[in-house]
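Novice: Got a structure here, written out as structure tokens. Questions coming.
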Amino acid sequence: MTTDEVLVKLCCQGDKEAFATLVERYQDKIYNLTYRLVSNPEDAADLTQEVFYRAFLRIKGFRGDASFATWLYRIATNVCYDQLRIRKNRQVVSLDNTSPDDPPRDLPDQEAGPAELCMKRIVFQRLQEAIATLPVEQRTAMVLRDIQGLSYEEMAQVLQCPLGTVKSRLSRARRALKDKLMSERELFFSENVYNG
């Protein structure tokens with residue numbers, strides 16, 4: 646597999662296939678991040694395209710101070726913050742936000758029975774709803790660490806803030822999420838959800 650660094654160098658030389666490879670490599674992760682930040686699948690798909698469009702336009706400016714993934718996550722968080730700012734100013738209420746019929750991005754375990762699949766879908770939806778209520782800084786920290794798997798140092802680069810701030814935001818996000826979910830603890834700690 647060709648490394649990101651090699652692909653970026655090829656992109657800077659005008660190789661569009663190299664950029665297509667980077668898009669294939671990161672599109673699911675970027676979609677996952679944007680979806681968890683904006684909580685709307687259509688907006689997330691549009692924002693994912695915008696992230697890669699901006700990355701394509703700016704690839705020659707990539708200095709390599711951080712990894713390509715970190716640079717791309719930074720673009721994604723900026724794009725999402727812009728969208729959330731616009732949405733906040735418009736005060737639009739979405740009538741077609743995620744519903745129980747929307748499939749989760751990750752496919753469920755095909756071995757599970759109908760009851761388990763239904764329970765997992767409910768848990769996924771409730772968890773997504775709870776994450777969406779967190780302040781955007783906390784939500785971003787949680788998604789980058791707990792869903793995308795970034796290190797604290799990578800998060801500090803993406804969020805452009807000190808390491809202590811990253812840890813504080815993540816701690817507050819986890820505490821707030823725990824408090825929100827405690828009222829439904831039977832649902833989240835049901836044996837049906839986690840046996841496998």
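In this note's numbering, the protein residues as written are 646 to 841.
Glycine residues also receive a C-beta, built at the ideal position from the N, C-alpha and C atoms.
First and last residue of the alpha helix (DSSP H) that includes M646?
Specialist: Here M646 belongs to no alpha helix (DSSP H), and DSSP marks it neither H nor E.
Novice: Taking A801 as the reference, which of T778, M827, M764 and T722 has the closest Cα?
Specialist: The option with the nearest alpha carbon to A801 is T722.
Novice: Please specify which runs of the alpha helix (DSSP H), each continuous and at least 4 residues long, are wholly inside the segment 647–708, giving them in chain order.
Specialist: Segments of the alpha helix (DSSP H) lying fully in the segment 647–708: 649–657, 661–683 and 686–703.
Novice: For Y718 and V651, which I take to be in contact (beta-carbon distance under 8 Å), what is that distance rounded to the nearest angstrom?
Specialist: The pair is not a contact, with the Cβ atoms about 20 Å apart (cut-off 8 Å).
Novice: Would a C-beta distance cut-off of 9 Å place A786 and A818 closer than the cut-off?
Specialist: Taking 9 Å as the Cβ cut-off, A786 and A818 qualify as a contacting pair.
Novice: Can you tell which of A760, L682, E774 and Q805 has its C-alpha closest to the C-alpha of Q793?
Specialist: The option with the nearest alpha carbon to Q793 is L682.
Novice: Let me check understanding here. Comparing Cα to Cα, which of R814, V811, D673 and A711 lies closest to D649?
Specialist: When each option's Cα is compared against that of D649, the closest is A711.
Novice: According to DSSP, is D710 helix, strand or coil?
Specialist: Three-state result, D710: coil.
Novice: In whole angstroms, what is the alpha-carbon distance linking Y698 and L655?
Specialist: Roughly 17 Å separates the two Cα atoms.
Novice: Can you look up P759 in the DSSP assignment and give me helix, strand or coil?
Specialist: It is helical.
Novice: Quick check on DSSP: helix, strand or coil for C806?
Specialist: Residue state, collapsed to three classes: coil.
Novice: Does the segment 661–676 touch the segment 692–707, meaning 3 or more C-beta pairs lie closer than 8 Å?
Specialist: Touching, yes.
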